[in-house]
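In the working numbering, the protein residues as written are 502 to 713. Please read the structure below before turning to the comments.
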């Protein structure tokens, strides 16, 4: 019960950080989170520990926690790692996913293709569903652990870069959909290529932001 609640709280806090409701550099306390989320201290602490492992917060002993700042160099280094993990996940998912999982990938793809510029909340939800499905279908716990470390930081940067005006959302969504399409038909080579195409776009997007 406690673990399930902690996971729910993690998702809520992570979304607040990713969507910049809790801004980079913000100072938070356990008592504030308890009141804000209307829950007890133990599941909050479990959620905070996971957020800390993923680099979204820094715990200050006996004080509270800081939402980590956004750093371009860190983001580019993160992309190098994420590219390899994402390619491996796409390969394993295309190889190992069940019939029902392949069907779900196709459903996510269709929803991704319908995303418009204003559908940021819809895209974030679909992106999370896709990531969870990739984690399940790749059937490798070590890959799952690795991608968790970089996922939230990547989504937060994308949201921060756009300042809520997501002009490139349809392009980003379509690139995600192509990965899903390749996995849905079990095409390993194409799944890896589409994963690389998505990461190429994300890397360019990140480098371009340096000049803004």
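By construction, the Cβ of each residue, glycine as well, lies at the ideal position given by its N, Cα and C atoms. Everything numeric in this text was worked out from a predicted model, so none of it was measured.
Within the same chain, show all residues whose beta-carbon is closer than 7 Å to that of residue i, passing over the 5 residues directly before and after it, in chain order.
i: residue 665; result: Low confidence applies to residue 665: its pLDDT is 47, below 50, so where it sits in the model is not reliable, and the reading given next is rough at best. Same-chain partners within the cutoff: there are none.
i: residue 631; result: 609, 677 and 681
i: residue 597; result: 638, 639 and 640
Using a Cβ-Cβ cut-off of 6 Å (strictly less than) and excluding sequence neighbours within five positions of residue i, which residues of its own chain qualify?
i: residue 515; result: 653
i: residue 547; result: 507
i: residue 511; result: 548 and 551
Have a look at residue i and residue j and give me their C-alpha separation to the nearest angstrom.
i: residue 457; j: residue 688; result: No information on residue 457 is available, as it lies outside the stretch 502 to 713 that the chain covers here.
i: residue 651; j: residue 555; result: 7 Å
i: residue 639; j: residue 614; result: 23 Å
i: residue 635; j: residue 568; result: 27 Å
i: residue 526; j: residue 600; result: 44 Å
i: residue 573; j: residue 703; result: 13 Å
i: residue 561; j: residue 644; result: 29 Å
i: residue 455; j: residue 660; result: Within the shown structure, residues of the chain are numbered from 502 to 713, placing residue 455 beyond reach of any answer.
i: residue 590; j: residue 533; result: 37 Å
i: residue 671; j: residue 563; result: 44 Å
i: residue 576; j: residue 565; result: 25 Å
i: residue 693; j: residue 616; result: 23 Å
i: residue 708; j: residue 618; result: 21 Å
i: residue 612; j: residue 646; result: 27 Å
i: residue 685; j: residue 528; result: 43 Å
i: residue 675; j: residue 513; result: 26 Å
i: residue 509; j: residue 710; result: 32 Å
i: residue 655; j: residue 662; result: 11 Å
i: residue 537; j: residue 602; result: 36 Å
i: residue 669; j: residue 595; result: 27 Å
i: residue 524; j: residue 585; result: 29 Å
Ordered along the chain, which non-local residues of its own chain (more than five positions away) have a Cβ less than 8 Å from that of residue i?
i: residue 587; result: 648, 696, 699 and 700
i: residue 535; result: 541, 542 and 545
i: residue 518; result: 552, 557, 558, 568, 653 and 657
i: residue 506; result: 540 and 544
i: residue 571; result: 525, 657, 658 and 661
So for residue i, helix, strand or coil by DSSP?
i: residue 565; result: strand
i: residue 520; result: coil
i: residue 686; result: coil
At least 3 beta-carbon pairs within less than 8 Å: the region 579-599 vs the region 618-627: They do not touch, by the three-pair rule.
Which ranges would you report for the alpha helix (DSSP H) in the region 589-640 if only whole runs of at least 4 residues count? Segments of the alpha helix (DSSP H) lying fully in the region 589-640: 600-614 and 621-639.
Entirely within the region 518-554 and at least 3 residues each: give me those beta strand (DSSP E) ranges in chain order. None, since the region 518-554 contains no complete beta strand (DSSP E) of that length.
For the region 589-609 against the region 676-683, are there 3 or more C-beta pairs whose distance is under 8 Å? Verdict: yes, contact present.
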